[in-house]
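Its first residue numbered 1074, the sequence shown is counted upward by one per residue in my numbering.
The beta carbon of each residue, even a glycine, is placed where N, CA and C say it ideally should be.
In this text, all values refer to a predicted model and were calculated from it rather than measured experimentally.
The structure appears right after this line, and notes come after that.
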Amino acid sequence: MKEFSPDKAFWDLTFFYSSPDDAGLQVALTKASELAKQFRKSYYGRINSPAGTPAKLTHALQQYERLQLEVLKPYLYAQLLFYSDSSKPEHTRLVAQVREAWQAIHELTLFFELEILALDEAAYRALVQNAAVIPYAHYLNTVRAHAPYTQSESVEQALKRKDLSGKEAFVQLFDELTAGFSYRYQFPGEEKERETTGEELLSLIYHSDRTVRETAFATFLDKHAKNSLVLTSCFNNLLLDHGKEAELRDYPDLMTPTHLSSETDPEMVEQMLTVTEEHYPLAQEYFELKRQLLGLDKLKNTDLYAPVGKEARQYSFSEALDLVIDAFRGFSPEMAEIVERLVAEGKLDVTPRSGKSGGAFCMGLYPGADPYVLLNFTGSLRDVSTLAHELGHAVHYVLSGEQNFFHYHAPLPLAETASVFGEMLLTRALLESEPDRQTRISLLCTKIEEIIATTFRQTVLTRFELAAHTRRGQDLLAADEICDLWLSENAKLLGDGVEMIPSYRWGWSYISHFIHARFYCYSYVFGELLVLALYQKYRAEGASFVPEYMKILRAGGSVRPGALVEPLGIDLADPDFWAQGYGLVGELIDELKGLVEQKGES
Ligand SMILES: [Zn+2]
């Protein structure tokens, strides 16, 4: 095992600037602003015009890319500084400054996409078929997809302004209200109640003591129930806002804007959700197994993520990194080399500390610049899995760096492909090398629970959201109606075997996806099922599958998801494709059953 050098446990941000005071940063902002003004001067009114030649459009796209890169560098640097230490006022100040600069540039350049939208179809077709424009065609097509629903520039501008006191105001209210929530809770092993955060309470859902899991979650939810007036109002108004916008833009259905940005087909998504619902009994089979493993008479929803068996072992970061790199290498040496390079370059921030952002993420920058990964590694098995997840994202960003600026980011349904696949490689490698039966049970449970959370549960969330939007129509939904709707959608998945704790009525009220984006959750279902299917293919085809898979990652956001997986013989319109993923879940459950039945043998 190579020892991980502790000086590589922090981000090296000198790739951007030597410090927040680096003169280069202000120079970049000024230059970006000048380029944006120049861009407007050169192209405003000239894209959607008889003079809008392919050469002009190509040149505009290149200039657009140049100015975006100029502002992105300080912008991303400020974000990363803030995530690494939000307690420093100079970091907060810098974030505010770059955001303002970014916003100003956005306003100056907004006309560009609007003019592409306004082009008449024949003129657009002629432009996009030109050889010089073809490398940008996918981006242009995704912009154009909104054309049938776009209003005139003045209406669009008015809508955007009214959003500030409408939709965005409710989002802001929700964020500020819930960020200000503080809770009182007596933690296990502590003598009295103390103030705590929601995140800390929610993390107790993995605690080994059943009462702790239930009381912590109930404390969290009860705070939301006490604020039901505001939370219900935020939710209701966002439903109304979306309904009105759908009417105004004449969307064929409420999910249209999500389909447009996710590049998914409505029929395909509906099929995926239906197939998932048909497999709810599979989840229920697992819940029953979990009940037995925990030795309970009846499972509550707060027991679903309870640890099974003895305390899992702890991992040092060096060990964890070795495990992940080896698992990746077993699949593709290129993947392992990418990770080793990122570690050596100081692209990882490893352990928790005060002022550092919580959770974990991988931030992609732009083509030609390696991504940064933030972790809060504490040595648990879950943390090792998170490491595989984020490094999977990182590999994806490095490979999609072969695309141009416009096609660098994969669309939402593909954004979790490499991360979930990375986790799958790790789980399989661990299962194969782990001699201890109890640890293998625990590994399988964690994997199955993660799959249930990203497929079945996200389907429940999507169905609930859809039902709430449909039901809202012109009538306000009373808090109780929303709660009942939530419980009934959850009951379909949980079945008779799992009892929901009374406070779970309010489970809908803290899910920020419902507030920040419409119908975001189905992307998780898509991502997970796609990975399960890809993994099945890998098992069946072995090494010949590897380059095919890497090609998907290299494509970034240059191809629609459906077209991207077509060469692999995957047809997203075929219900059997989605069912296949659940075949693998069934196998994992059987594997777990086998281990459970071996009781007493090890
Ligand atoms: Zn992820």
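Residue 1665: which of 1485, 1358, 1314, 1398 sits nearest, CA to CA?
Here residue 1665 refers to the residue found at position 592 when the sequence shown is read from its first residue. Of 1485, 1358, 1314, 1398, the residue nearest in Cα terms is 1358.
To the nearest angstrom, how far is it from the Cα of residue 1126 to the Cα of residue 1200?
Translated into the one-based positions of the sequence shown, residue 1126 becomes position 53. Translated into the one-based positions of the sequence shown, residue 1200 becomes position 127. Put simply, the backbone Cα of residue 1126 is about 7 Å away from that of residue 1200.
Span separating the alpha-carbon of residue 1181 from that of residue 1107
Taking the first residue of the sequence shown as 1, we reach residue 1181 at position 108. Taking the first residue of the sequence shown as 1, we reach residue 1107 at position 34. Rounded to whole angstroms, residue 1181 to residue 1107 spans 11 Å at the Cα level.
Relative to the C-alpha of residue 1704, which residue among 1600, 1660, 1088, 1662 is closest?
Summary: the structure shown does not reach residue 1704, with the chain confined to residues 1074 through 1675, and so no result is reported for it.
I'd like the span of the alpha helix (DSSP H) that includes residue 1166, first residue to last.
Translated into positions along the sequence shown, residue 1166 becomes position 93. Element bounds for residue 1166: 1162–1191.
Please list the segments of the alpha helix (DSSP H) lying wholly inside the region 1209–1266, counting only runs of 4 or more residues, in order along the chain.
Listed in chain order, they are 1210–1217, 1226–1238, 1240–1252.
Assigned exposure category for residue 1103 - 16 Cβ within 10 Å defines buried
On the sequence shown, residue 1103 is found 30 positions in, with the first residue counted as 1. Exposed, by the Cβ-count rule.
Please enumerate, following chain order, all residues with a beta carbon closer than 6 Å to at least one heavy atom belonging to ligand 1.
Matched residues: 1462, 1466, 1489, 1492.
Do the CB positions of residue 1461 and residue 1397 come within less than 8 Å of each other?
The sequence position of residue 1461 within the sequence shown is 388, counting from 1. The sequence position of residue 1397 within the sequence shown is 324, counting from 1. For the 8 Å CB-CB criterion, residue 1461 and residue 1397 form a contact.
For residue 1490, count neighbouring Cβ atoms within 10 angstroms of its own Cβ and tell me buried if that reaches 16, exposed if not.
Against the sequence shown, residue 1490 aligns to sequence position 417. Taking a 10 Å sphere around the C-beta of residue 1490, we find 16 or more other C-beta atoms and assign the residue as buried.
Under 7 Å Cβ to Cβ from residue 1254, same chain only, skipping five residues before and after it: list those, please.
Taking the sequence shown and counting its residues from 1, one reaches residue 1254 at position 181. These residues qualify, in order along the chain: 1271, 1296.
Distance check for residue 1611 and residue 1452, CA to CA, integer angstroms please.
Numbered from its first residue, the sequence shown carries residue 1452 at position 379. Numbered from its first residue, the sequence shown carries residue 1611 at position 538. Residue 1452 and residue 1611: Cα-Cα distance of roughly 30 Å.
For residue 1124, does the count of other Cβ atoms within 10 angstroms reach 16, so buried, or fall short, so exposed?
Taking the first residue of the sequence shown as position 1, residue 1124 is located at position 51. With fewer than 16 neighbouring CB atoms inside 10 Å of its own CB, residue 1124 falls in the exposed class.
Write down every uninterrupted run of the alpha helix (DSSP H) in the region 1308–1396 whose length is 4 residues or greater and which is fully enclosed by it, in chain order.
If we require 4 residues or more, the alpha helix (DSSP H) runs fully inside the region 1308–1396 come out as 1329–1335, 1339–1351, 1353–1367.
Taking the alpha helix (DSSP H) that residue 1481 falls in, what are its first and last residues?
Here residue 1481 corresponds to residue number 408 of the sequence shown, with the count starting at 1. Here residue 1481 belongs to no alpha helix (DSSP H), and DSSP marks it neither H nor E.
Counterpart residues of residue 1268 in DSSP-defined beta bridges:
Residue mapping note: residue 1268 aligns to position 195 of the sequence shown, counting from 1. In the DSSP secondary-structure assignment, residue 1268 is bridged to 1257.
Output the boundary residues of the alpha helix (DSSP H) element that contains residue 1470.
On the sequence shown, residue 1470 is found 397 positions in, with the first residue counted as 1. Judged by DSSP secondary structure, residue 1470 falls within the alpha helix (DSSP H) whose first and last residues are 1454–1473.
Between the Cα of residue 1145 and the Cα atoms of 1196, 1131, 1189, 1090, which residue gives the shortest distance?
As a working note, residue 1145 is residue 72 in the sequence shown. With distances taken between Cα atoms, residue 1145 lies closest to 1090.
Let me check one thing: in DSSP terms, what residues is residue 1445 bridge-paired to?
If you number the sequence shown from 1, residue 1445 lands on position 372. Per DSSP, the beta bridge partners of residue 1445 are 1436.
By DSSP's criteria, residue 1572 is part of a beta bridge. Which residues make up the other side?
Counted from its first residue, the sequence shown places residue 1572 at position 499. Checking the DSSP bridge columns, you'll see residue 1572 partnered with 1373.
Given a cut-off of 8 Å on the beta-carbon distance, is the pair residue 1389 and residue 1486 in contact?
Counting from one through the sequence shown, the residue named residue 1389 turns up at place 316. Counting from one through the sequence shown, the residue named residue 1486 turns up at place 413. Taking 8 Å as the Cβ cut-off, residue 1389 and residue 1486 do not qualify as a contacting pair.
For residue 1657 and residue 1605, which I take to be in contact (beta-carbon distance under 8 Å), what is that distance rounded to the nearest angstrom?
Taking the first residue of the sequence shown as 1, we reach residue 1657 at position 584. Taking the first residue of the sequence shown as 1, we reach residue 1605 at position 532. With a contact defined as Cβ atoms closer than 8 Å, residue 1657 and residue 1605 qualify at about 5 Å.
Contacting residues, own chain, Cβ-Cβ under 6 Å from residue 1404 (five flanking each side not counted):
One-based indexing of the sequence shown puts residue 1404 at position 331. Same-chain partners within the cutoff: 1498.
Please identify the residue among 1640, 1141, 1283 whose C-alpha is closest to the C-alpha of residue 1381.
Here residue 1381 refers to the residue found at position 308 when the sequence shown is read from its first residue. Measuring C-alpha to C-alpha distances from residue 1381 to each of 1640, 1141, 1283 identifies 1283 as the nearest.
Give the DSSP-derived three-state secondary structure of residue 1086 in the structure shown.
Sequence index remark: in the sequence shown, residue 1086 carries index 13 (1-based). In the structure shown, residue 1086 sits in a helix (DSSP, three-state: H, G or I).
Beta-carbon within less than 7 Å of residue 1577's beta-carbon, same chain only, minus the 5 sequence neighbours each way: which residues are those?
On the sequence shown, residue 1577 is found 504 positions in, with the first residue counted as 1. Around residue 1577: 1294, 1374.
In angstroms, rounded to a whole number, what distance separates the CA positions of residue 1346 and residue 1536?
What you label residue 1346 is simply residue 273 of the sequence shown in a count that begins at 1. What you label residue 1536 is simply residue 463 of the sequence shown in a count that begins at 1. About 8 Å.
In three-state terms, what does DSSP make of residue 1094?
Residue numbering aside, residue 1094 sits at position 21 when the sequence shown is read from its first letter. In the three-state DSSP reduction, residue 1094 falls in the coil class, being neither helix nor strand.
Report the three-state DSSP secondary structure of residue 1647 (helix, strand or coil).
Locating residue 1647 in the sequence shown gives position 574, where the first residue counts as 1. In this structure, DSSP gives residue 1647 a state outside helix and strand, which the three-state scheme calls coil.
Between which residues of its own chain and residue 1619 is the CB-CB distance below 7 Å, once the five residues before and five after are set aside?
Stepping through the sequence shown from its first residue, residue 1619 is reached at position 546. Within the same chain, residue 1619 has close Cβ partners 1404, 1405.
Residue interval of the alpha helix (DSSP H) (run including residue 1406):
Here residue 1406 refers to the residue found at position 333 of the sequence shown. Unbroken alpha helix (DSSP H) run through residue 1406: 1406–1417.
Assuming residue 1464 contacts residue 1412 (C-beta within less than 8 Å), just tell me the rounded distance between them.
Counting from one through the sequence shown, the residue named residue 1464 turns up at place 391. Counting from one through the sequence shown, the residue named residue 1412 turns up at place 339. In this structure, residue 1464 and residue 1412 form a Cβ contact; the two beta carbons are roughly 5 Å apart against a cut-off of 8 Å.
Quick check on residue 1588 - is its C-beta less than 8 Å from some C-beta in chain D?
Annotation note: the requested chain D is absent from the structure, which comprises a single protein chain.
Have a look at 1351, 1087, 1328 and flag the residue whose alpha-carbon is nearest the alpha-carbon of residue 1528.
Here residue 1528 corresponds to residue number 455 of the sequence shown, with the count starting at 1. Among 1351, 1087, 1328, the Cα nearest to that of residue 1528 is on 1351.
Identify, in the order they occur along the chain, each residue of the same chain with its Cβ nearer than 6 Å to the Cβ of residue 1408, setting aside the five sequence neighbours on each side.
Locating residue 1408 in the sequence shown gives position 335, counting from the first residue. Around residue 1408: 1401, 1468.
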